[in-house]
Amino acid sequence: MKKILLLFLVTSSLYSQSEYPQDYFRNPLDITLVLSGTFAELRSSHFHSGLDIKTQQKTGLKVYAAAEGYVSRIKISHYGYGKALYVTHPNGYTTVYAHLQKFSDRLEKYIKECQYDKETFEVEVFPSTDELLIAPNEVIAYSGNTGGSGGPHLHFEIRDNQERPMNPMLFGIDIKDSRQPFVSAVYAYPKDKDAVINGKNERVPLRLIPQKTGDYKVEEITAYGNIGFGITSYDKQDLAPNNNGVSNIQTFFNGNKSLEIDFKRFSFDETKHIKRLIDYEYFKTKRSRIQKLFIEENNPLSLYKDAYDNGYITVEDSTSSVYKVRVRDFKQNETWINIPIKGKLTETETLEEDLSNKTTIYANQATELKSGLITVNFYKNTVYEDVDIDYSVSSDTLHLHEDNIPLQKNFYINYDLSHYKPKDLDKMFIARLYGYYKKPSYVSTKRKGKTLSAGSKVLGTYTIAMDTVAPTITPVNFKDKKWLSKYRYLKVKIDDDLSGISKYRATVNGKWILMEYDYKTKMLVHDFNDNIVKDTKNDLKIIVTDNVGNSSTFEATFFRK
Numbered sequence: 001m002k003k004i005l006l007l008f009l010v011t012s013s014l015y016s017q018s019e020y021p022q023d024y025f026r027n028p029l030d031i032t033l034v035l036s037g038t039f040a041e042l043r044s045s046h047f048h049s050g051l052d053i054k055t056q057q058k059t060g061l062k063v064y065a066a067a068e069g070y071v072s073r074i075k076i077s078h079y080g081y082g083k084a085l086y087v088t089h090p091n092g093y094t095t096v097y098a099h100l101q102k103f104s105d106r107l108e109k110y111i112k113e114c115q116y117d118k119e120t121f122e123v124e125v126f127p128s129t130d131e132l133l134i135a136p137n138e139v140i141a142y143s144g145n146t147g148g149s150g151g152p153h154l155h156f157e158i159r160d161n162q163e164r165p166m167n168p169m170l171f172g173i174d175i176k177d178s179r180q181p182f183v184s185a186v187y188a189y190p191k192d193k194d195a196v197i198n199g200k201n202e203r204v205p206l207r208l209i210p211q212k213t214g215d216y217k218v219e220e221i222t223a224y225g226n227i228g229f230g231i232t233s234y235d236k237q238d239l240a241p242n243n244n245g246v247s248n249i250q251t252f253f254n255g256n257k258s259l260e261i262d263f264k265r266f267s268f269d270e271t272k273h274i275k276r277l278i279d280y281e282y283f284k285t286k287r288s289r290i291q292k293l294f295i296e297e298n299n300p301l302s303l304y305k306d307a308y309d310n311g312y313i314t315v316e317d318s319t320s321s322v323y324k325v326r327v328r329d330f331k332q333n334e335t336w337i338n339i340p341i342k343g344k345l346t347e348t349e350t351l352e353e354d355l356s357n358k359t360t361i362y363a364n365q366a367t368e369l370k371s372g373l374i375t376v377n378f379y380k381n382t383v384y385e386d387v388d389i390d391y392s393v394s395s396d397t398l399h400l401h402e403d404n405i406p407l408q409k410n411f412y413i414n415y416d417l418s419h420y421k422p423k424d425l426d427k428m429f430i431a432r433l434y435g436y437y438k439k440p441s442y443v444s445t446k447r448k449g450k451t452l453s454a455g456s457k458v459l460g461t462y463t464i465a466m467d468t469v470a471p472t473i474t475p476v477n478f479k480d481k482k483w484l485s486k487y488r489y490l491k492v493k494i495d496d497d498l499s500g501i502s503k504y505r506a507t508v509n510g511k512w513i514l515m516e517y518d519y520k521t522k523m524l525v526h527d528f529n530d531n532i533v534k535d536t537k538n539d540l541k542i543i544v545t546d547n548v549g550n551s552s553t554f555e556a557t558f559f560r561k
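Numbering (full-length UniProt numbering), first residue to last: 1 to 561.
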C-alpha cells in the first residue's frame, strides 16, 4: 500500500501531460454499463455532475474503485448523494460513488466508528492520505438507493484537481451508443422589441419537419432584426429507452459558426445558472426544457465557446439566409436542423403591458418591498435582469408573483408577529403554498424575538403556518416485550405531516444507537450487527422532533439472546 503514496508524486506529473488519461480508470461496476442519466444532463435546478449507471433494478452490486488511491472524503446524508465515497488518485483526479447501500467492511467499520463517536447518522469526514489506502480493483462499496435517488443506481463522477466534475466518458468509460440525438421542438426568440419573427415580437414555435436521414428541416420563417433560437433535444443510448442529455450543440449562420455549447466540464459554483441556459418560464409552465442557443446578460456559464454576438443573428430585409444547428452526443452521432430564413420587415402591433400593478425588482441594486407587517428583501444580483412582478399582501399571505422568473440567489421574507400571542410563536413558521390545493410546505425559518425570517429562491405565495402536532413513531417489525433474537434489524417508521422531521435520537439502555434514516420510506433502521445491543433485556427509547420543536417519545422493551 505504501507504494501508492509514492506513485502520487510520479504519476501526477506524468498525467498532467495528457488532458484525459485513457485506460487509467476502470468501470466501477462489473456489468455492462447502461445509463439512466448522462453527464451535464439538464435537471430541475442543476446540471447532472456524473453518470447514473443502472444496477439492474436492484441494490447490492459490488462497486469497484476506478483506480488505486486513497479515500479522501466520506459523506452520509439523508438527502442528496445519500452514502457517498470519494477516492483521490495519483493522477490528481477524484472519483465519486454515490447513493451507496453500504461501504466495504473496513470502510464501513471506519465510518461507523465516526458515527458512534459523534452520535449521528449524518457525517462528513476527510481521512488523511495514508489512512484509507485503496488498491487497484478493490471493492469499496455496494450499490444502493440512498439519499435523493429515485431508484437503484450508482452515481459515478470524475472530478479534476479543482473539484470540477468532468464527463467520465472522456477518460474511456465506454457506453454503447450508435443512435442519433433527436429534437422535439424548435423556437425562435426576438432579442428586442424591434425584432420580428413570422410577424410576431415574441417566442415563436417553429414547424419541425423530420427527414429520412434523422435530421430535421424547419418550415421557412420570415424574420427581421436580431433574433435567437432555442431547441428541445435529447439523446438515447443503444441499451436503454430513456431520454438523456446531449454532449455538444453548435450553431451556424450562413456557413459561419455562431455559437458552441460544450457539456464537457463545469464547476459546482455555476451549476445553479442552468436557469439561464434554459427558458425558465417555459419550463415552469410546460415542464419542458428549451435550451437557448444565445447568451443573455448575466450568464456566467463556462459551457459556451466561439460565441459570435452571443449567438444572436441579424436578419436584414429582403435577404435569404440559413441557420443550422448541429446536435451531437459523446460518440459523435449527430443530428442537423436546417432553418431557412427570409428577411422581411413586417409591421407588428406592440401591445403595451399594463405595469400599473407591477413592482420592479432591479438586478444591480437592492430592492425592499414592505406592506403591513411583511418585508421582502431582494439583494443585489438576486435577479438576472430587471423584472416586473406581481406583489401584494393579504393578511398574513404574501403573493409574490409566480415561479416563472429565474433567481440567482435567495430573497428574504420577514414577518412581524407582534399581533400573535407569545405562546404561539414557537410553533409558527413560514410556508410556501403550492399545488392546486395550496398545501403549505415548510421553508427553513428562523425566529428572532417576534420576527420570523426565511430565504427562498422560488417566487410564489407564502404565508404563516402553525404546527402544534408532534411527529408519529410506529414500530414496524416488533412490539413491546417481544423477543428479537432472530432479527438482524430493528425497524421504526417516523412521520410528520406539516413542518417535517428535524432530528431524532435513539438509545438502548441509555446508550446511543445508530439508526439509519431513509426519508423516502420514512424508516429508521438499526443493524444489530453493530454489536451495540448486548443485553438480554433492552429498553428502547426514540425521540423525534419536527422543525418547530414538537417532540414525540417512543419507548418499548425487547429481548435478545
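For glycine and all other residues, C-beta sits at the position ideal for the given N, C-alpha and C.
Since the model is a prediction, treat every value here as computed from it, not as a measurement.
Coil, strand or helix - residue i by DSSP
i	result
His153	strand
residue 575	Nothing about residue 575 can be reported from this structure: the residues present for the chain run from 1 to 561 only.
Gln291	strand
Thr95	strand
Leu490	strand
Glu281	helix
Leu425	helix
Thr271	helix
Asp52	strand
Ser552	strand
Asp530	helix
Tyr519	coil
Ser13	Annotation note: pLDDT 39 at Ser13 (below 50); position unreliable, coordinate value reported separately. Residue state, collapsed to three classes: helix.
Tyr110	helix
Lys541	strand
Asp416	strand
Phe39	coil
Proximal residues to residue i (C-beta, below 6 Å), its chain only, five neighbours per side dropped
i	result
Thr553	Ile543
Arg326	Gln250, Glu334, Trp336
Ser49	Glu157, Pro165
Leu170	Tyr20
Contact under 8 Å by Cβ, residue i with residue j
i	j	result
Ala185	Thr232	yes
Ala66	Ala84	no
Thr451	Tyr415	yes
Tyr434	Gly455	no
Leu154	Ile53	yes
Lys62	Tyr142	yes
Ile173	Phe25	yes
Thr536	Lys561	yes
Asp317	Lys358	no
Glu281	Asn404	yes
Phe558	Lys503	no
Ile513	Tyr462	no
Separation of residue j from residue i, as counted between CA atoms
i	j	result
Gln56	Leu303	33 Å
Lys493	Pro475	6 Å
Ile295	Thr251	13 Å
Lys522	Gly148	13 Å
Val10	Ser44	Here the model assigns Val10 a pLDDT of 40, short of 50, so the residue's position is not dependable and the matter cannot be decided.
Asn477	Glu516	15 Å
Ile339	Lys292	15 Å
Ser258	Lys305	9 Å
Phe39	Ser288	19 Å
Arg207	Thr348	21 Å
Asn377	Met466	23 Å
Leu425	Arg432	18 Å
Asn145	Ile209	41 Å
Arg488	Val525	10 Å
Asp130	Phe268	28 Å
Leu29	Arg447	48 Å
Lys193	Asn201	6 Å
Pro471	Leu490	19 Å
Cβ neighbours of residue i in the same chain (closer than 7 Å, five flanking residues each side left out)
i	result
Lys75	Tyr81, Ala84, Glu124
Leu301	Glu270, His273, Arg276, Leu277
Gly549	Asp426
Lys176	Gln237, Asp238, Leu239
Cut-off 8 Å between Cβ atoms - residues of its own chain near residue i, not counting five sequence neighbours on either side
i	result
Ala223	Ala188, Ala195, Val196, Ile197, Asn198, Val315, Ile341, Lys342, Gly343, Lys344
Leu134	The displayed chain sequence assigns Ile, not Leu, to residue 134. Closer than 8 Å at Cβ, skipping near neighbours: Ile4, Ala65, Glu68, Gly69, Tyr70, Val71, Val87, Ile140.
Ser178	Asp238, Lys331, Asn333
Lys102	Lys83, Glu108, Ala141, Tyr142, Gly144
Contact test: residue i Cβ vs the ligand GDP heavy atom, cutoff 7 Å
i	result
Ser395	No copy of the ligand GDP appears in this structure; indeed no ligand is present at all.
In chain order, which continuous runs of the beta strand (DSSP E) of length 3 or greater are located wholly inside the segment 307-393? Unbroken beta strand (DSSP E) runs of no fewer than 3 residues, entirely contained in the segment 307-393, are found at 313-315, 320-328, 334-343, 358-361, 367-371, 374-378, following chain order.
List in chain order: all unbroken beta strand (DSSP E) runs of 3+ residues lying wholly within the segment 438-503. 439-442, 445-448, 451-456, 460-466, 472-475, 489-495
If we require 3 or more residues per run, which beta strand (DSSP E) segments fall completely within the segment 192-224? As far as the segment 192-224 is concerned, its whole beta strand (DSSP E) runs of at least 3 residues are 204-206, 208-210, 216-218.
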